[in-house]
Ligand SMILES: Cc1ncc(COP(=O)(O)O)c(C=O)c1O
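Residue numbers (this note's numbering): 1 to 413.
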């Protein structure tokens with residue numbers, strides 16, 4: 001892994017790149033450039049992280065060659081495995097082990113499906129379990145912090161379902177009165193909680209109660225905060241939600257992919273909504289990476305890492321506040337926060353581009369009631385998960401805040 005000064009204490013990537021270059025100079029050289037960028041830049045994208053080399057190696061292993069449509073479960077009636085291919089003994093064991101480990105991570109007896117290729121595909125399948133096309137779904141609006149798959153008109157969610165949205169209050173906090181009002185008015189089949197750009201604790205218990213009161217199913221997309229939940233740094237949705245989806249590559253620091261947890265009685269529906277409804281063969285190499293990620297998430301080191309991610313986020317955010325910046329919601333409880341740039345005469349995109357030039361990587365982001373387009377935006381989103389993996393502490397982030405402040409002052413001249 002890279003340290004905070006960009007030194008790599010493993011030769012894993014270098015060796016891989018040399019190997020790839022023997023076959024393709026073009027691809028090998030481009031991967032090398034990206035490797036150097038990731039190693040030398042200050043990475044502040046809230047949805048990214050650096051997984052372990054063990055995760056990378058599993059994802060690049062011979063499991064990539066194996067087809068295993070179906071599930072590893074033993075079928076009592078036939079005495080066969082529930083796979084459509086032979087030769088699955090070992091991937092079956094890996095997938096079962098992966099499922100067991102993820103239940104351990106979240107200390108749950110919920111069913112888990114580890115096959116979704118991504119967070120979006122996990123959501124696609126989870127919606128299928130709870131709602132039919134045309135049914136009403138209540139979720140967090142994209143421009144207030146939700147994700148594309150929470151009902152954007154250009155996404156399957158907005159096209160297949162009748163989406164209605166709750167938003168944030170004047171201080172940028174999720175407006176739970178709005179959630180209840182809309183739930184009672186629209187009687188949705190499904191209520192979705194979870195976000196891509198929200199820096200505060202989400203009250204899953206209250207969401208669950210509202211869903212129950214109106215007879216809706218409740219789904220939590222915990223993609224961003226799954227690592228915090230695993231480490232006990234954010235209240236858990238388990239016990240409150242019927243369906244829980246996540247990615248494994250953000251705060252969980254694993255391979256790119258998705259997971260779906262569900263109440264046990266929904267297990268069959270979830271499994272068929274993943275395969276054969278949404279996907280074909282599972283990516284067993286990624287599932288092996290997810291198993292290693294779960295093992296890592298169970299360690300004390302990982303829990304200490306997540307605690308540091310949150311401490312770093314607060315220190316970073318506080319420094320921006322001291323420097324006079326407006327932060328959406330006025331602070332953070334998790335791994336990210338957003339700077340409101342609406343009082344400046346440049347956009348989030350401008351700041352993202354200028355910071356790129358000095359080796360600081362973050363992303364432009366809409367803020368609540370943004371007057372600019374999603375391509376331009378009046379905000380930037382900042383996360384501490386990747387640089388904390390590289391050993392950054394509070395002071396390191398304070399120094400980065402000052403660098404960003406210098407750039408903003410230069411841009412404001
Ligand atoms: C809340 C949330 N859900 C789902 C996703 C989708 O994940 P993926 O990019 O793996 O499809 C994201 C990605 O950023 C997200 O923030």
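Ideal placement from N, C-alpha and C gives every residue a C-beta, glycine not left out.
Report all residues from its chain with a CB closer than 8 Å to the CB of residue i; omit the five preceding and five following residues, and keep chain order.
i	result
residue 398	315, 316 and 319
residue 189	130, 131, 132, 135, 136, 137, 216 and 217
Grab the span of the beta strand (DSSP E) containing residue i for me, first residue to last.
i	result
residue 400	Where residue 400 is concerned, there is no enclosing beta strand (DSSP E), although the alpha helix (DSSP H) it sits in stretches over 394-412.
residue 111	111-113
residue 363	363-365
residue 190	190-193
Quick check on the DSSP output: the alpha helix (DSSP H) that includes residue i runs from which residue to which?
i	result
residue 388	385-389
residue 260	Careful: residue 260 lies outside any alpha helix (DSSP H), inside the beta strand (DSSP E) at 258-262.
residue 297	284-297
residue 119	119-130
residue 181	176-186
residue 208	204-214
residue 56	53-59
residue 157	156-160
residue 414	Because the chain spans 1 through 413 in this model, residue 414 falls outside it and cannot be assessed.
residue 227	226-230
Can you pull the DSSP bridge partners for residue i?
i	result
residue 89	Beta-bridge pairing links residue 89 to no other residue.
residue 139	165
residue 30	According to DSSP, residue 30 bridges with nothing at all.
residue 245	221 and 260
residue 336	383
residue 270	DSSP lists no partner for residue 270.
residue 8	2
residue 71	82
residue 43	361
residue 326	340
Compute the Euclidean distance between the alpha carbons of residue i and residue j, then round it to the nearest angstrom.
i	j	result
residue 123	residue 117	11 Å
residue 200	residue 231	16 Å
residue 106	residue 22	43 Å
residue 158	residue 252	28 Å
residue 70	residue 83	4 Å
residue 405	residue 411	10 Å
residue 1	residue 356	22 Å
residue 24	residue 296	33 Å
residue 263	residue 141	26 Å
residue 275	residue 93	18 Å
residue 223	residue 28	31 Å
residue 403	residue 248	31 Å
residue 375	residue 81	48 Å
residue 43	residue 362	7 Å
residue 62	residue 292	16 Å
residue 217	residue 73	27 Å
residue 185	residue 221	23 Å
residue 254	residue 194	19 Å
residue 359	residue 41	5 Å
residue 34	residue 19	16 Å
residue 309	residue 51	15 Å
residue 152	residue 392	35 Å
residue 400	residue 370	26 Å
residue 304	residue 381	24 Å
residue 133	residue 192	16 Å
residue 279	residue 348	36 Å
residue 179	residue 60	43 Å
residue 38	residue 154	31 Å
Whose C-beta lies closer than 6 Å to the C-beta of residue i among residues of the same chain, with five residues either side of it excluded?
i	result
residue 261	110, 112 and 244
residue 236	229
residue 196	147
residue 48	386
residue 240	204, 205 and 208
residue 53	10 and 12
residue 119	223, 247 and 258
residue 335	251, 309, 313, 383, 384 and 385
residue 294	101, 102 and 105
Near residue i, which residues of its chain fall below 7 Å by C-beta distance, leaving aside the five closest residues on each side in sequence?
i	result
residue 32	17
residue 281	67, 68 and 69
residue 311	394
residue 176	203 and 206
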